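Enquirer: Take this structure, written in structure tokens, and hold onto it; I'll ask about it next.
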Amino acid sequence: MTNPTPVGPRPPRVLLSGRPGCGKTTVIRRAVELIGASRCVGFYTEELRERGRRIGFDVVTVDGRRAPLARAGATGPKVSRYGVDVQGFEDLAVARLEDALRGGVARVLVVDEIGKMELFSKRFCALLERIFEPRAPWALLGTIMTGHHPQADGLKRRPHVSVVEVTRANRDRLPADLSRSFDEYLRRAGA
Numbered sequence: 100m101t102n103p104t105p106v107g108p109r110p111p112r113v114l115l116s117g118r119p120g121c122g123k124t125t126v127i128r129r130a131v132e133l134i135g136a137s138r139c140v141g142f143y144t145e146e147l148r149e150r151g152r153r154i155g156f157d158v159v160t161v162d163g164r165r166a167p168l169a170r171a172g173a174t175g176p177k178v179s180r181y182g183v184d185v186q187g188f189e190d191l192a193v194a195r196l197e198d199a200l201r202g203g204v205a206r207v208l209v210v211d212e213i214g215k216m217e218l219f220s221k222r223f224c225a226l227l228e229r230i231f232e233p234r235a236p237w238a239l240l241g242t243i244m245t246g247h248h249p250q251a252d253g254l255k256r257r258p259h260v261s262v263v264e265v266t267r268a269n270r271d272r273l274p275a276d277l278s279r280s281f282d283e284y285l286r287r288a289g290a
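Each residue of the sequence shown is one higher than the one before, starting from 100 at the first, in this note's numbering.
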């Protein structure tokens, strides 16, 4: 299936980057609230803690469904002490984005994040190529790892992608700035 050609302005494609703990996911979640969750589809990651200690990560869809992404000491591909649940990630997050792409409508795809854990999924890597297709009609709001990875580095260099570093100085104003940009695109696209 080929992607439909967008009508009007190029959809915004914004990737947030920055040090761990700088607030990237918080910016994404607040921006989605401002844009309107019904106009967005995708996922964000959430840290899990038990008695103050991080035990893993979940993937949570914009509409509130949840699945394990990684757990300390679990089997699967490893990132530090965490075993990644590639199948769980694909069954929820990747499947939700694939469904959205089949619809081909103008909306905001939320991808938090393009990181080491998620990139263990070959299905996700293939999906990213479709998401970042220059002529695709969907907007993108995501986060991406700062470290080096061949696919992540390639996505950051694409000419139709804006990479924004999240810092203490800008993280409080970014959600409103992002929502204005995405609202304008969605208004012009009739979504």
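Heads up, the beta-carbon is just placed ideally off N, CA and C, and yes, glycines get one too.
Fair warning: this is a prediction, and the values are worked out from it, not measured in the lab.
Strictly by DSSP, which residues pair up with residue 143?
Expert: Reading the sequence shown from its first residue, position 44 is the one you call residue 143. Bridge partners of residue 143: 159.
Enquirer: Take every Cβ of the region 108-119, pair it with every Cβ of the region 148-155, and state whether three or more of those distances are shorter than 8 Å.
Expert: Cβ pair count under 8 Å is below three, so no.
Enquirer: Would you tell me roughly how many angstroms separate the C-alpha atoms of residue 100 and residue 160, rounded to the nearest one?
Expert: What you label residue 100 is simply residue 1 of the sequence shown in a count that begins at 1. What you label residue 160 is simply residue 61 of the sequence shown in a count that begins at 1. Residue placement at residue 100 is flagged as unreliable, the pLDDT there being 32, under the threshold of 50; the coordinate-derived value follows with that caveat. Cα to Cα, residue 100 sits roughly 25 Å from residue 160.
Enquirer: Would you mind working out which of 265, 275, 208 and 212 sits nearest residue 138, comparing C-alpha positions?
Expert: Stepping through the sequence shown from its first residue, residue 138 is reached at position 39. Of the listed residues, the one whose Cα sits closest to residue 138 is 208.
Enquirer: Could you name the residues of the same chain whose beta carbon sits closer than 8 Å to that of residue 105, not counting the 5 residues immediately before and after it, in chain order?
Expert: Against the sequence shown, residue 105 aligns to sequence position 6. Because residue 105 sits at a pLDDT of 43, beneath the cut-off of 50, its placement in the model cannot be relied upon, and the following sentence gives the value as read from the coordinates. Cβ neighbours of residue 105 beyond the five flanking positions: 205, 234, 235, 236 and 288.
Enquirer: Grouping DSSP H, G and I as helix and E and B as strand, with all else coil, what is residue 275?
Expert: Here the question's residue 275 lines up with position 176 in the sequence shown. In this structure, residue 275 counts as helix in the three-state DSSP scheme.
Enquirer: In the DSSP output, which residue or residues are listed as bridge partners for residue 116?
Expert: Reading the sequence shown from its first residue, position 17 is the one you call residue 116. According to DSSP, which records beta bridges pairwise, residue 116 is partnered with 264.
Enquirer: How big is the Cα-Cα spacing for residue 179 and residue 243?
Expert: Residue numbering aside, residue 179 sits at position 80 when the sequence shown is read from its first letter. Residue numbering aside, residue 243 sits at position 144 when the sequence shown is read from its first letter. Using only the alpha carbons, I get a separation of about 18 Å.
Enquirer: Indicate whether residue 169 and residue 183 have their beta-carbon atoms separated by less than 7 Å.
Expert: The residue you call residue 169 lines up with position 70 of the sequence shown. The residue you call residue 183 lines up with position 84 of the sequence shown. Yes, these two residues count as a Cβ contact at 7 Å.
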